[in-house]
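Those letters in the sequence shown? Residues 34 to 317, per the numbering used here, in order.
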Amino acid sequence: MSTAADPELARLYDDLSRYQWSLRRLRGGRGGLEMRKPLGPSSAPERPAPGTADLSSWIDVRLLEGRGGRLLDLGTGFGALLFDWLERHSEGSGVGLTASGYQVRRARAEAARRGLGSRAEFREQSYAEPVAGEFDAACAVEALFHASDLAQVLGAACGALRPGGRIAWVEDMAADATVGTAPEARLLLDRWSTEHLHTEQSYREACSASGLRLLEVVDLTDQVLSRQPAELERSARRMRQLQRLTPIPRVRRVLRAFEGGVALEQLYAAGSMRYLAMVAERPF
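In structure tokens:
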């Protein structure tokens with residue numbers, strides 16, 4: 034059975050990752066390895082701290098209850114969350130999956146640099162395919178958005194978990210099923226090479242179909258940062274203009290992805306999206 038990721042999605046991830054890594058090099062390697070949205074402050078207790086770095090520890094402590102062991106990281110990117118996990122759990126190990134071969138190469142090199150090569154493994158693999166190995170916990174941060182079949186993806190994760198193992202994910206979700214008809218939603222799906230705009234109900238149904246038992250849903254929407262509508266429109270126009278001007282396909286794909294990101298911000302500004310953390314377990 035092939036474990037190859039969707040070619041178009043893999044190409045998009047490769048291009049975005051090259052751009053992100055180039056920025057990091059220009060900054061002298063400063064900043065984290067996270068490839069996810071920064072969060073704003075919240076007055077609610079037990080929420081992630083602002084920025085990007087605290088979300089990993091929040092997932093571990095708040096949703097996975099700091100259980101340690103062996104972690105499956107879906108959408109690992111450059112390995113930021115898995116590396117954080119290994120630093121908190123000195124006896125832990127894990128596997129990171131990604132659609133991007135470029136991310137795999139960078140993550141492996143970073144693991145070697147940190148002396149974690151024997152504890153961290155990275156694979157280029159579709160999340161919908163069975164995962165070799167057995168895990169105590171799994172997580173996914175902004176990785177399931179692209180899933181064409183959520184039940185298949187969550188089923189593959191469930192199959193890799195030991196009985197009683199937990200999976201936590203944090204994802205952008207449509208407020209309801211009608212959001213997918215909005216022009217901004219159609220643009221987002223096109224620019225991000227994605228078929229469906231999933232809702233919370235989509236995930237609940239996928240949990241049930243995959244054999245997982247849903248434990249908790251935490252709404253982090255109030256921590257999502259969004260610019261003013263006029264600024265978003267200016268940014269969208271700039272992305273379209275730059276696409277017309279550049280002759281380089283790879284650069285155009287990155288600009289198209291950024292245009293999709295603006296569309297996502299517009300949906301949040303309209304109250305059409307939710308940023309939800311969900312946790313489920315494989316029953317004994």
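Glycine included, each C-beta is placed from N, C-alpha and C at the ideal position.
Source: prediction; values computed, not measured.
query, result
"Given a cut-off of 9 Å on the beta-carbon distance, is the pair A140 and G112 in contact?", "yes"
"Near S89, what residues of its chain come up, given a Cβ to Cβ distance below 6 Å and the 5 sequence neighbours on each side ignored?", "L114, D117"
"Where do the N-terminal and C-terminal ends of the alpha helix (DSSP H) with V203 fall, by residue?", "Segment 194 to 207 is the beta strand (DSSP E) holding V203; no alpha helix (DSSP H) there."
"Could you check the C-alpha separation between T279 and R285 for me, to the nearest Å?", "7 Å"
"Within this structure, are the beta carbons of G293 and L221 separated by less than 9 Å?", "yes"
"State the Cα-Cα distance for the pair R307 and L56, rounded to the nearest angstrom.", "29 Å"
"So, using beta-carbon positions, are G166 and R103 closer together than 9 Å?", "yes"
"Quick one: grab the DSSP three-state call for L258.", "coil"
"Would you call T214 buried or exposed, if buried means 16 or more other Cβ atoms sit within 10 Å of its Cβ?", "exposed"
"Going by the DSSP bridge assignment, what does T131 pair with across the sheet?", "E157"
"Can you tell me which of V257, V250, S159, R219 puts its alpha carbon nearest to the alpha carbon of S133?", "S159"
"So, is E217 buried or exposed, given that buried needs 16 or more other C-beta atoms within 10 angstroms?", "buried"
"For the candidate residues E298, L300, R283, whose alpha-carbon lies nearest to that of R51?", "R283"
"I think E154 touches F178, with their Cβ atoms under 8 Å apart; what is that distance to the nearest whole Å?", "Actually they are not in contact, since the Cβ atoms of E154 and F178 sit about 24 Å apart, beyond 8 Å."
"Between the alpha carbons of R315 and A189, how many angstroms are there, rounded?", "12 Å"
"Hey, how far is the Cα of A77 from the Cα of E238?", "28 Å"
"Who does E19 pair with in a DSSP beta bridge?", "In the structure displayed, the chain extends from 34 to 317; residue 19 sits before or after that span and is not available."
"Thinking C-alpha only, which one of R260, A144, A310 is nearest A303?", "R260"
"R195 and D223 - do their beta-carbons sit closer together than 9 Å?", "no"
"I need the DSSP call for D48, collapsed to helix, strand or coil.", "helix"
"Any idea if I281 is buried or exposed, counting beta-carbon neighbours within 10 angstroms, 16 or more meaning buried?", "exposed"
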